[in-house]
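Scroll down for the structure; my scribbles are underneath it.
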């Protein structure tokens, strides 16, 4: 069973008026997208898109789990070096174990270092006991300048804390099998080196070891992440007709709204643990579709926080956006507002209520208010947030992105525009 | 002296081609905005906009500093309850003291709780020793449901750790002088209650005690924040002509690009400590201008992280955005990539270089690449990032927002659209 329900009725004109789609016309268009469904189905059936095989795999998990257990041993901190797709999936899963106040007992704290701010590095490195730390360096190509610089600057600190054998024991590298600088460096140091499937792009790699090794280190169940993904994949690609394929429908809805001038798509989860999921989605969508002047602009908002920041703009600013709220059953959860402190009549609406009751009321109210203000809105509703749910969300949005690219006629899997800047940075560095 | 330099030359056609503005036409338009400059100047001179008096004030600082010292005593954690404008300014300043790995010695860790996720609250509350904690509850109106719920659910935990006198000693409230639920609750509990100036809106309150009390608790110098703000304010409102008023020029540039179809404005700092500044700006801009179908959509990106996430879209997606990079002098900073580990010829470009050298090369390269791809880009460059710089950035962007509202003919200081959702949430809570 898919662990979420989608309500996209408020993307249509009968709910939101002129910014909504005509349901009949959209339905006809969607029904004509059978070829798109066939093409993505073929990517799985013919094995040409290995990420679609990952949800069904179990063979690689025992070794990952064993490595994770080894990496947890006598370890206080794990530094994950990597950026973009090498980091965001792991961060998203890790948020299930650590909500920013530290991991559960017996689990090391994982620090995802995805930037090269020297001030951040100094602040971190001064607090790490490298004798009780592990480093996991992830770069698909093995040539990511930031990740290499991170590793190179941390190695002397690690080398001061432990001997060469200790360095080898404490360093794990994930990179492509092909010869590359990161692989050569890891090999020289005697690190454990794991293969990044060259046919799984970074932003599509969360279901591979790139996302699952950090998850296992954090004590999470990687098999359940994959099982959640599989529930979505099987339903989507098992659909008889395009209308029954939820990610294809989602892609077509996004593109129809973009054609109508609503080319900004706001993803707004109502759970702090989905904050990183929003950033993961934002990379996936932007980098896969932002090509040839096409694509739409993803924005990550957070409920309820951004009700006090962005909602005014969303309700009353330019009508150029659509909204996807991700809500989580919250009623009845959390501490109660005790009657003794809430005797004030002005607090009667909170008295005896739990924090989750308020969150639940607010997420429903925001969805309804967006609709009343004519803003196209769909809702993903989760009954619980766990590994399965996260895996299902990952797969839905990866498929929605792949279908959107297919409908736009662009390659979802490359990112040609960013190469120029990388080259220029090297030139500046050489000249500087 | 203003602690940053602005280069907006790449917002014009001679640098970025057809997405750029015609310099002569823009100059004529800007020169005609004298009335706008006069109106904002009058807001300060006549005292009708008290936030413009804050940069020059010192009289309120000694009491704040003394309270902060008291709140630091025997304190391990400070929980700041508040959302939107009651939180983002303090978070931005606190980032100068704590980059996410904990505060300096002798400084308590400040947790800014701006959401009502019961899972987050449980994770936090289980880790806090309330006998060594302080609570600072901030709500201008005193009626913010989230903040009240946060406080109500924490009070029993605090009450278990200390007696009634201890509760009184550990609770500080910032709210308007007018009678309101938060003020009444704080009074009943014997809390220290500080007045929020009712004429300073939440998102414009960072230079008041709302931003500065957390800053003082963190050991920062609030006077220097104000001094930085003053440097910008004096230069802007002391300008003889609109052309010489940097925030007015910035506002006009934003609006001219929005008229040209570039209604998304990306703020992309290249310093982790400015991550919260980006969120602060995002509220300021969105909530002040998003009215009557007007306004532009702010996006917070982070360098270099988002080069691996959003840059592909920025360079090759729809040409509907302008970019403001905030760069910080980084060359020569941070650890060096040691020659011994970087012997590989493929790593020659990093050998002996410092992490800051790479950051510096990348921020320059990204700016240049945006321009080469015809994307309008301006750069704020800082030589150092400290309280003065932060104060200056705050004031520049508050003024730019106020001028933009003036040019659009809208009220920068209200947020009428969000009231409907607040009422609906209360109805749902009552019915639920």
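Residue numbers (the numbering used here), protein chains in the order written: chain A, 1 to 432; chain B, 1001 to 1432. Idealized CB from N, CA, C, for every residue including glycine. Being a predicted model, the structure only gives us computed values, none of them experimental.
Proximal chain B residues relative to residue i, where beta-carbon distance stays under 7 Å
{"i": "residue 254 (chain A)", "result": "Within chain B, no residue comes near residue 254 (chain A); the closest Cβ sits about 14 Å away, beyond 7 Å."}
{"i": "residue 369 (chain A)", "result": "1420, 1421 and 1424"}
{"i": "residue 404 (chain A)", "result": "Chain B residues near residue 404 (chain A): none, gap ~13 Å exceeds 7 Å."}
{"i": "residue 337 (chain A)", "result": "1149, 1152 and 1153"}
{"i": "residue 349 (chain A)", "result": "1426, 1429 and 1430"}
{"i": "residue 506 (chain A)", "result": "Residue 506 (chain A) lies beyond the residue range present for chain A, which begins at 1 and ends at 432; the question has no answer from this structure."}
Residues near residue i by beta carbon distance below 7 Å, same chain, minus five either side
{"i": "residue 8 (chain A)", "result": "253 and 378"}
{"i": "residue 1211 (chain B)", "result": "1089, 1090, 1093 and 1205"}
{"i": "residue 208 (chain A)", "result": "54, 197 and 200"}
{"i": "residue 279 (chain A)", "result": "88 and 300"}
{"i": "residue 1406 (chain B)", "result": "1036, 1039 and 1040"}
{"i": "residue 1445 (chain B)", "result": "The question about residue 1445 (chain B) has no answer, for chain B in this structure spans 1001 to 1432."}
{"i": "residue 12 (chain A)", "result": "20, 21 and 23"}
According to DSSP, residues forming a beta bridge with residue i
{"i": "residue 337 (chain A)", "result": "Looking at the DSSP assignment, residue 337 (chain A) forms no beta bridge with any residue, so it has no partner."}
{"i": "residue 1006 (chain B)", "result": "B:1380"}
{"i": "residue 1195 (chain B)", "result": "B:1175"}
{"i": "residue 266 (chain A)", "result": "A:299 and A:323"}
{"i": "residue 137 (chain A)", "result": "A:81 and A:173"}
{"i": "residue 441 (chain A)", "result": "It is not possible to answer for residue 441 (chain A), since the shown part of chain A is limited to 1 through 432."}
{"i": "residue 12 (chain A)", "result": "A:21"}
{"i": "residue 328 (chain A)", "result": "A:382"}
{"i": "residue 1354 (chain B)", "result": "B:1336"}
Sub-8 Å separation of residue i and residue j beta-carbons
{"i": "residue 1112 (chain B)", "j": "residue 1161 (chain B)", "result": "no"}
{"i": "residue 1232 (chain B)", "j": "residue 1033 (chain B)", "result": "no"}
{"i": "residue 390 (chain A)", "j": "residue 228 (chain A)", "result": "yes"}
{"i": "residue 172 (chain A)", "j": "residue 189 (chain A)", "result": "no"}
{"i": "residue 1223 (chain B)", "j": "residue 1058 (chain B)", "result": "yes"}
{"i": "residue 401 (chain A)", "j": "residue 289 (chain A)", "result": "yes"}
{"i": "residue 366 (chain A)", "j": "residue 293 (chain A)", "result": "no"}
{"i": "residue 97 (chain A)", "j": "residue 220 (chain A)", "result": "yes"}
{"i": "residue 342 (chain A)", "j": "residue 333 (chain A)", "result": "no"}
{"i": "residue 150 (chain A)", "j": "residue 203 (chain A)", "result": "no"}
{"i": "residue 1004 (chain B)", "j": "residue 1329 (chain B)", "result": "no"}
{"i": "residue 1157 (chain B)", "j": "residue 1191 (chain B)", "result": "no"}
{"i": "residue 312 (chain A)", "j": "residue 1421 (chain B)", "result": "no"}
{"i": "residue 1076 (chain B)", "j": "residue 1127 (chain B)", "result": "no"}
{"i": "residue 425 (chain A)", "j": "residue 145 (chain A)", "result": "yes"}
Neighbouring residues, chain A, relative to residue i (Cβ below 9 Å)
{"i": "residue 1291 (chain B)", "result": "312, 313, 316 and 317"}
{"i": "residue 1101 (chain B)", "result": "111, 120, 123, 124, 126, 127 and 128"}
{"i": "residue 1027 (chain B)", "result": "Within 9 Å Cβ-Cβ: nothing; residue 1027 (chain B) doesn't reach chain A, min ~27 Å."}
Own chain residues within Cβ distance below 8 Å of residue i, not counting five before or after
{"i": "residue 50 (chain A)", "result": "197, 199 and 200"}
{"i": "residue 1147 (chain B)", "result": "1081, 1082, 1083, 1086, 1137, 1138, 1139 and 1182"}
{"i": "residue 375 (chain A)", "result": "16, 19, 314, 315, 319, 321, 322 and 323"}
Residue i: contacting residues in chain A (beta-carbon distance under 7 Å)
{"i": "residue 1091 (chain B)", "result": "Here the premise fails: no neighbours, minimum Cβ distance about 11 Å."}
{"i": "residue 1365 (chain B)", "result": "421, 424, 425 and 428"}
{"i": "residue 1305 (chain B)", "result": "83, 114 and 115"}
{"i": "residue 1308 (chain B)", "result": "83 and 84"}
6 Å CB neighbourhood of residue i in its chain, flanking five on each side removed
{"i": "residue 216 (chain A)", "result": "64, 65, 68 and 222"}
{"i": "residue 315 (chain A)", "result": "373"}
{"i": "residue 281 (chain A)", "result": "267 and 397"}
{"i": "residue 325 (chain A)", "result": "268, 367 and 379"}
{"i": "residue 309 (chain A)", "result": "none"}
{"i": "residue 399 (chain A)", "result": "236 and 247"}
{"i": "residue 195 (chain A)", "result": "177"}
{"i": "residue 1296 (chain B)", "result": "1258, 1263 and 1265"}
{"i": "residue 1071 (chain B)", "result": "1134 and 1217"}
Chain B residues whose Cβ lies nearer than 8 Å to that of residue i
{"i": "residue 381 (chain A)", "result": "Here the premise fails: no neighbours, minimum Cβ distance about 15 Å."}
{"i": "residue 263 (chain A)", "result": "1318 and 1320"}
{"i": "residue 359 (chain A)", "result": "1116, 1117 and 1118"}
Proximal chain B residues relative to residue i, where beta-carbon distance stays under 9 Å
{"i": "residue 294 (chain A)", "result": "1316, 1317 and 1318"}
Proximal residues of chain A, C-beta to C-beta of residue i below 8 Å
{"i": "residue 1394 (chain B)", "result": "Residues of chain A passing the Cβ test: none, with the nearest at roughly 16 Å."}
{"i": "residue 1272 (chain B)", "result": "115, 117, 119 and 120"}
Original post:
Is there contact here, the stretch 1177 to 1189 of chain B with the stretch 1133 to 1152 of chain B, by at least three beta-carbon pairs under 8 Å?
Top reply: yes
Subject >> contact_flag[the stretch 1239 to 1258 of chain B, the stretch 264 to 279 of chain A] where n(CB pairs < 8 Å) is 3 or more >> reply: no
Original post:
On the three-pair Cβ rule with 8 Å, is the stretch 1100 to 1118 of chain B touching the stretch 356 to 367 of chain A?
Top reply: yes
**OP:** Kindly confirm or deny that the stretch 1411 to 1419 of chain B and the stretch 1026 to 1042 of chain B touch, where touching means at least three C-beta pairs closer than 8 Å.
**Re:** no
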